[in-house]
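The structure under discussion appears below in the form of structure tokens.
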Amino acid sequence: GRKIAVPEFSMIVLIGASGSGKSTFARRHFRQTEVVSSDTCRGLVADDENDQAATPDAFALLQTILELRLKGRRLVVVDATNVRPEDRRKLVEIARRFHALSVAIVLDPGEDVCRNRNAGRQDRAFGPHVVRNQMAALRRGLRGLAREGFRQVHHLTSVDEIDSAEVSRQR
Ligand code: CTP
Ligand code: MG
1 GRKIAVPEFS
11 MIVLIGASGS
21 GKSTFARRHF
31 RQTEVVSSDT
41 CRGLVADDEN
51 DQAATPDAFA
61 LLQTILELRL
71 KGRRLVVVDA
81 TNVRPEDRRK
91 LVEIARRFHA
101 LSVAIVLDPG
111 EDVCRNRNAG
121 RQDRAFGPHV
131 VRNQMAALRR
141 GLRGLAREGF
151 RQVHHLTSVD
161 EIDSAEVSRQ
171 R
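Residue 1 is where the sequence shown starts when you use the numbering used here, and the numbers rise one by one after that.
Below, the structure written as structure tokens:
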């Protein structure tokens with residue numbers, strides 16, 4: 001599979017529509033404590049991982065955890081959709097401040113896969129336009145990722161590429 005070699009001290013930003021498999025990928029390749037997720041943060045501040053009104057506070061918490069982990073020179077994985085440049089700007093700025101290397105891993109199995117997976121999830125009862133809009137935003141921003149400050153960009157474009165990817169760490 002595709003080999004992804006990340007420095008031990010990096011900020012890894014997962015980028016992908018809802019249902020693209022970000023949380024599954026994070027669980028498979030990283031320790032639970034290394035992953036900071038917008039859903040988990042929403043749950044922590046508002047008791048409900050789907051409470052959209054809690055989004056600003058959830059991201060404030062997410063960024064605080066990101067800063068504290070990077071301050072301790074610990075690897076951190078950001079599990080949120082991160083599909084728009086403005087979703088990513090603050091993350092890259094924080095990583096830069098702590099001299100961590102920014103890595104983008106784009107999970108892009110296709111719109112149908114995302115939509116079909118979400119159809120089977122109780123907690124993702126939104127219309128098809130949500131995934132479509134997320135995919136459109138993702139595509140528009142793909143070419144700009146390096147310019148945004150990501151030193152590695154890995155674009156996985158099928159279920160097979162995502163499932164067979166191998167992540168290793170380099171000192
Ligand atoms: N899934 C799957 N096979 C994979 C990856 C994911 O069947 N190879 C399923 C998961 O079990 C889950 C759904 O697809 O039910 C969505 O995967 P998830 O990792 O939760 O996607 P996310 O990108 O994290 O979605 P969200 O942004 O909504 O959190
Ligand atoms: Mg998820």
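All C-beta atoms, glycine included, are put in the ideal place defined by N, C-alpha and C. These figures come from a predicted structure and were not determined experimentally.
Does the beta-carbon of residue i, which I'm using as the reference point, lie nearer than 6 Å to any heavy atom of the ligand CTP?
i, result
"S23", "yes"
"D163", "yes"
"R28", "no"
"R117", "yes"
"S18", "yes"
"R140", "no"
"R124", "yes"
Whose C-beta lies closer than 7 Å to the C-beta of residue i among residues of the same chain, with five residues either side of it excluded?
i, result
"M135", "A17, E111"
"K90", "Q63"
"G127", "none"
Can you give me the C-alpha to C-alpha distance between residue i and residue j, rounded to a whole angstrom?
i, j, result
"A95", "L14", "14 Å"
"H155", "I4", "11 Å"
"G19", "E86", "21 Å"
"T33", "A60", "18 Å"
"V131", "A137", "10 Å"
"L75", "L62", "14 Å"
"E67", "F98", "8 Å"
"N50", "D39", "7 Å"
"E161", "L107", "9 Å"
"V6", "H29", "12 Å"
"C114", "F25", "14 Å"
"S174", "Q152", "The question about residue 174 has no answer, for the chain in this structure spans 1 to 171."
"E93", "V77", "15 Å"
DSSP on residue i, reduced to helix/strand/coil?
i, result
"Q122", "coil"
"P109", "coil"
"S23", "helix"
"A104", "strand"
"R139", "helix"
"H99", "coil"
"E166", "strand"
"S37", "strand"
"A60", "helix"
"L156", "strand"
Counting only C-beta atoms, is residue i closer than 7 Å to chain C at any point?
i, result
"A165", "Annotation note: the requested chain C is absent from the structure, which comprises a single protein chain."
Taking the DSSP output, what are the residues bridged to residue i?
i, result
"E67", "Answer is none; E67 lacks a bridge partner."
"L44", "BP columns for L44 are empty, so no partner."
For residue i, I'd like the list of residues in its chain whose CB is within less than 8 Å of its CB, leaving aside the five on either flank, ordered along the chain.
i, result
"E8", "L75, R169, Q170, R171"
"R121", "G19"
"D123", "E49, N50"
"N118", "S18, G19, R124, F126, V131"
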